[in-house]
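Novice: Quick one: structure below, then a few questions.
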Amino acid sequence: MSVPPPIEVRGLRKLFRQTTSGQEVVAIERLDLTIAPREVVAIVGQTGCGKSTFFDLMIGLEAPTEGSISIGDKTPHGDFDHFRGRIATVFQQDRLLPWRSALDNAKLPLELIGIPEAEQRERALSWLKRLGLGHFINAFPHELSGGMRQRVAIARAFAVQPDILLADEAFGHLDEVTAAELRETFLALARECGSTAILITHQLEEAIGVGDRVVVFGKSAKLLADIHVAQWPKSKYALLREAIQSTLQSNKPDPRLKRLGVKPARKKKN
Amino acid sequence: MPHEELGASAPGLKFPRQTFISLLVFAIAWQALSYLAPSLGIPPFAVPSLVRIAKSIGTITPIDIAVTLARVIGALIASFLLGLALAMAMYNSETLEKYLHPIIRLFMAVPVVSWILFAVLWFPGVEFRIGFVLVVVCGPVFLVDTLDAMRSVPRELRHMMQSFRPTTLQYFIKLMLPAIVPTIFTSWKVNISLAIRVVTIAELVGAVTGIGHQLSVAQELFSVSDVFAWTIVLVALLFLLEAIVSRVETRLLRWRI
């Protein structure tokens, strides 16, 4: 598989205008971030910090107000069609189409990129089998459990073997055991496919457990910390968790992160 | 088992015991009234016996049934396609929706009889008149239902679909159309009933064929049994069409809980 292009976020700013009051709301103040090919990055932040806006901007469904997101030499919003089959998403809820069977749901992105029917079936089937759903390919979503539905959603995302995988609170609504199991599966598959993966979460354990890096967003997606988890011994994960928690609560980097050698967040470029 | 469950198990085609009994009681009461009519001062022809009605049913001309059925089905298909196309255009263009919405409301407010009179005054051809009335009455119902259904497609599903970057055509074929199918079936059932009633009035006024025309002939001949016979045919036609739609609905929407 080819190496996915790097992701460069430069001076990203996103404003929304409230429909009722007409007031402007700053969802993302100014964000600079670089994600290397095949990196697994977990983005953590409190509710309403701009994580989901960043997710929509990454998908390309929203245009930046200022600044840019570049994937290689293309932008996900400006070159929307270029990324068909190259970016795949897993959402908080499974978002399966209720009228399609598990197999047909997993086939959906393959149908959209127009590959032959036989290959669609073969690829979707193989991903469903790998995710333990070989006996449920003809089941409709309402016949599956929450965990099984999320597995179908993961199969749907991996079926196109995307360069970039985006997951927005993908395991947050599942019970702990199922979530941990799916998280591991997701990570293993992402590494195997060689995809760059960006996981948005509010769960610190999930972020530390999954990401090569943990990026901490403050209010309006202010970059508070950029932590390379691999450099940390597992014995210090509890301390790291506490420091991130404190960072999120105070909306400024916790001194312990600096002491422990965390790469400081870039200063704003004005 | 509760009554609802019995009905729900095979919509449209079951003939539950309760229905059979209520119809039987009604038939017995009718026969009794027919028998007692002269002694109650009611002219015998006004309440024909079941035997007389059965004889009238025996004289029914299938060609008139076929003509009415063809008019109803043809007009419903044309109305559906027109309603669907306009709904898709209005869903995609807010400006178009703002301009068309008042006209649709106006069309829906005009009584059916007025449309029939307009058709008689404006158009020379009988078939075109009937088709026009049916489309102008049923089309807006399809349009409004379809547009509402499109707007009700969950934002989460639309967002998911868009994230996979479909073309506009793929977006409609893979997401919007399947999502609105349940509403389309409901709309068809409503419109079948509406179309049967409208086509009867339209044929009554301006046609020389069809069930409406035969009802008009029966009325001129003071043949109440013939009126009953044709009415029974109309009701049976309505039930048959509804049963067919329900059967297709059950088959296509088996994914529903």
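Chains as they are written, first to last, in this note's numbering: chain A, 1 to 270; chain B, 271 to 527. Positions of the beta carbon are idealized from the N, C-alpha and C atoms, including for glycine.
Taking DSSP as the reference, what is the three-state secondary structure of A278/B?
Specialist: Translated into the one-based positions of the second sequence, residue 278/B becomes position 8. Its pLDDT being 43, under 50, A278/B is placed unreliably in this model, and the coordinates cannot settle the point.
Novice: Taking a cut of 9 Å between CB atoms, which residues from the stretch 54–72 of chain A lie near chain B?
Specialist: Listed by position, the residues of the stretch 54–72 of chain A near chain B (Cβ gap below 9 Å) are D56, I59, G60, L61.
Novice: Leaving out five residues on either side along the sequence, give the residues of the same chain with a beta carbon under 6 Å from the beta carbon of P5/A.
Specialist: Position 5 of the first sequence, counted from the first residue, corresponds to residue 5/A. Non-local beta-carbon contacts of P5/A in its own chain, meaning distances under 6 Å to residues more than five positions away in sequence, involve I71, G72 in chain order.
Novice: Where do the N-terminal and C-terminal ends of the beta strand (DSSP E) with R526/B fall, by residue?
Specialist: Your numbering for residue 526/B matches position 256 in the second sequence. Taken as a continuous stretch (DSSP letters only), R526/B belongs to no beta strand (DSSP E), as it is neither H nor E.
Novice: Is there a C-beta anywhere in chain A that falls below 9 Å from the one on F350/B?
Specialist: Taking the first residue of the second sequence as position 1, residue 350/B is located at position 80. Using a CB distance cut-off of 9 Å, F350/B does not count as an interface residue toward chain A.
Novice: Contact check, G409/B vs L352/B under 8 Å by CB: the rounded distance?
Specialist: In the second sequence, counting from the first residue as 1, residue 409/B sits at position 139. In the second sequence, counting from the first residue as 1, residue 352/B sits at position 82. Between L352/B and G409/B the Cβ distance is about 5 Å, and since that is below 8 Å, they are a contact.
Novice: Leaving aside the five residues before and after K497/B along the sequence, list all residues of the same chain whose C-beta is less than 7 Å from its C-beta, in chain order.
Specialist: What you label residue 497/B is simply residue 227 of the second sequence in a count that begins at 1. For the record, residue 497/B in the displayed sequence is Val; it is not Lys. Closer than 7 Å at the Cβ level, and outside the excluded window around V497/B, lie L485, A488, Q489.
Novice: Would you report the Cα separation of L125/A and L354/B, rounded to the nearest angstrom?
Specialist: Taking the first sequence and counting its residues from 1, the one referred to as residue 125/A is at position 125. Taking the second sequence and counting its residues from 1, the one referred to as residue 354/B is at position 84. L125/A and L354/B: Cα-Cα distance of roughly 35 Å.
Novice: Comparing the C-beta of W232/A with each C-beta of chain B, is any distance below 9 Å?
Specialist: Counted from its first residue, the first sequence places residue 232/A at position 232. Chain B, which has no Cβ nearer than 9 Å to the Cβ of W232/A, makes this no.
Novice: Could you tell me the distance, in whole angstroms, from the CA atom of E275/B to the CA atom of F412/B?
Specialist: Indexing the second sequence from 1 puts residue 275/B at position 5. Indexing the second sequence from 1 puts residue 412/B at position 142. Interpretation of E275/B is limited by its pLDDT of 41, a score under 50 that renders its predicted location unreliable; the figure taken from the coordinates is listed afterwards. Approximately 29 Å between the Cα atoms of the pair.
Novice: Using a C-beta to C-beta distance shorter than 8 Å, which residues of chain A count as neighbours of M430/B?
Specialist: Reading the second sequence from its first residue, position 160 is the one you call residue 430/B. Those are T89, F91, R95, listed as they occur along chain A.
Novice: Considering Cα atoms alone, identify which of D334/B, H483/B, V380/B, L417/B is closest to E367/B.
Specialist: Translated into the one-based positions of the second sequence, residue 367/B becomes position 97. If we check each option's Cα against that of E367/B, L417/B comes out closest.
Novice: Taking DSSP as the reference, what is the three-state secondary structure of R95/A?
Specialist: Reading the first sequence from its first residue, position 95 is the one you call residue 95/A. DSSP places R95/A in coil when its eight states are reduced to three.
Novice: Three or more C-beta pairs closer than 8 Å, one from the stretch 75–90 of chain A and one from the stretch 151–165 of chain A: is that the case here?
Specialist: yes
Novice: Quick one: does H142/A have its CB under 9 Å from some CB of chain B?
Specialist: Taking the first residue of the first sequence as position 1, residue 142/A is located at position 142. Interface residue, yes.
Novice: Suppose the cutoff is 8 Å on Cβ atoms and the five residues either side in sequence are ignored; what does the same chain contact list for L224/A look like?
Specialist: In the first sequence, residue 224/A corresponds to position 224, counting from 1. For L224/A, where only same-chain residues beyond five positions count, the Cβ hits under 8 Å are V216, F217, G218, T247, L248, N251, K252, P253, A265.
Novice: Would you mind stating whether L504/B and T470/B have Cβ atoms separated by less than 9 Å?
Specialist: The count along the second sequence starts at 1 and reaches residue 504/B at position 234. The count along the second sequence starts at 1 and reaches residue 470/B at position 200. Against a cut-off of 9 Å, the Cβ pair of T470/B and L504/B comes out as a contact.
Novice: Whose Cβ in chain A lies nearer than 7 Å to the Cβ of W525/B?
Specialist: Within the second sequence, the letter at position 255 stands for residue 525/B. Chain-ordered, the chain A residues with CB closer than 7 Å to the CB of W525/B read P98, W99, F140.
Novice: For the alpha helix (DSSP H) holding G476/B, just list the boundary residues, first then last.
Specialist: Position 206 of the second sequence holds residue 476/B. Looking at the DSSP string, the run of the alpha helix (DSSP H) that includes G476/B is 447–476.
Novice: Locate the alpha helix (DSSP H) running through G209/A, then write down its first and last residues.
Specialist: Taking the first sequence and counting its residues from 1, the one referred to as residue 209/A is at position 209. Unbroken alpha helix (DSSP H) run through G209/A: 204–210.
Novice: Give me whichever residues DSSP pairs with A197/A in a beta bridge.
Specialist: Looking up residue 197/A in the first sequence gives position 197. Per DSSP, V40/A, L165/A.
Novice: Per DSSP, which residues does E66/A bridge with? Please list them.
Specialist: Locating residue 66/A in the first sequence gives position 66, where the first residue counts as 1. Residue pairing from DSSP places E66/A in a beta bridge opposite R13/A.
Novice: Would you mind telling me which residues of chain A sit closer than 8 Å to R521/B, beta carbon to beta carbon, in chain order?
Specialist: As a position in the second sequence, residue 521/B is number 251, starting the count at 1. Going along chain A, no residue has its Cβ under 8 Å from R521/B, so there is no contact; the nearest lies around 13 Å.
Novice: Measure the beta-carbon distance from W99/A to P448/B and round it to whole angstroms, keeping in mind my assumption that it falls under 8 Å.
Specialist: Against the first sequence, residue 99/A aligns to sequence position 99. Against the second sequence, residue 448/B aligns to sequence position 178. Contact flag correct, Cβ pair sits at about 5 Å.
Novice: What is the rounded straight-line gap between the Cα of P272/B and the Cα of F171/A?
Specialist: Position 2 of the second sequence, counting from 1, holds the residue named residue 272/B. Position 171 of the first sequence, counting from 1, holds the residue named residue 171/A. At P272/B, the pLDDT of 40 sits below 50, so the modelled position is not reliable and the matter cannot be decided from this model.
Novice: With the cut-off set at 9 Å, would you say A197/A and A207/A are in Cβ contact?
Specialist: Within the first sequence, residue 197/A is the residue found at index 197, counting from 1. Within the first sequence, residue 207/A is the residue found at index 207, counting from 1. Contact flag unset, no.
Novice: How would you label I154/A, buried or exposed, when you count the other beta carbons within 10 angstroms and need 16 or more for buried?
Specialist: The residue labelled residue 154/A in the question sits at position 154 within the first sequence. Under this definition I154/A is a buried residue.
Novice: Just how far apart, CA to CA, sit F509/B and I462/B?
Specialist: As a working mapping, residue 509/B is identified with position 239 in the second sequence. As a working mapping, residue 462/B is identified with position 192 in the second sequence. Approximately 9 Å between the Cα atoms of the pair.
Novice: Can you list, in chain order, the residues of its chain whose CB lies under 6 Å from that of W385/B, leaving out five sequence neighbours each side?
Specialist: Residue mapping note: residue 385/B aligns to position 115 of the second sequence, counting from 1. Correct list, in chain order: V403, V406.
Novice: Could you check whether the Cβ of G11/A sits closer than 9 Å to any Cβ belonging to chain B?
Specialist: Here residue 11/A corresponds to residue number 11 of the first sequence, with the count starting at 1. Chain B, which has no Cβ nearer than 9 Å to the Cβ of G11/A, makes this no.
Novice: If contact means a Cβ-Cβ distance below 9 Å, which residues of the stretch 429–451 of chain B contact chain A?
Specialist: Those would be H429, M430, M431, Q432, S433, F434, R435, P436, T437, Q440, K444, L445, P448, A449, V451, in chain order.
Novice: Quick one: Cα of G60/A to Cα of P424/B, how far?
Specialist: The residue you call residue 60/A lines up with position 60 of the first sequence. The residue you call residue 424/B lines up with position 154 of the second sequence. Their backbone Cα atoms lie some 20 Å apart in a straight line.
Novice: Measuring alpha carbon to alpha carbon, tell me which residue in T453/B, I466/B, V475/B is nearest R526/B.
Specialist: Residue numbering aside, residue 526/B sits at position 256 when the second sequence is read from its first letter. Looking at the Cα atoms, T453/B is the closest of the given residues.
Novice: Just tell me which of R213/A, I244/A, L199/A has its CA closest to the CA of S279/A.
Specialist: Outside the modelled stretch of chain A, which goes from 1 to 270, sits residue 279/A, for which no answer is possible.
Novice: Please go through the same chain and pick out, in chain order, the residues whose beta-carbon is closer than 8 Å to the beta-carbon of A307/B, but skip the five residues on each side of it.
Specialist: The sequence position of residue 307/B within the second sequence is 37, counting from 1. P313, P314, A316, V317, listed in sequence order.
Novice: Suppose you measure from the CA of V177/A to the CA of I43/A; what does that come to, to the nearest Å?
Specialist: What you label residue 177/A is simply residue 177 of the first sequence in a count that begins at 1. What you label residue 43/A is simply residue 43 of the first sequence in a count that begins at 1. Rounded to whole angstroms, V177/A to I43/A spans 22 Å at the Cα level.
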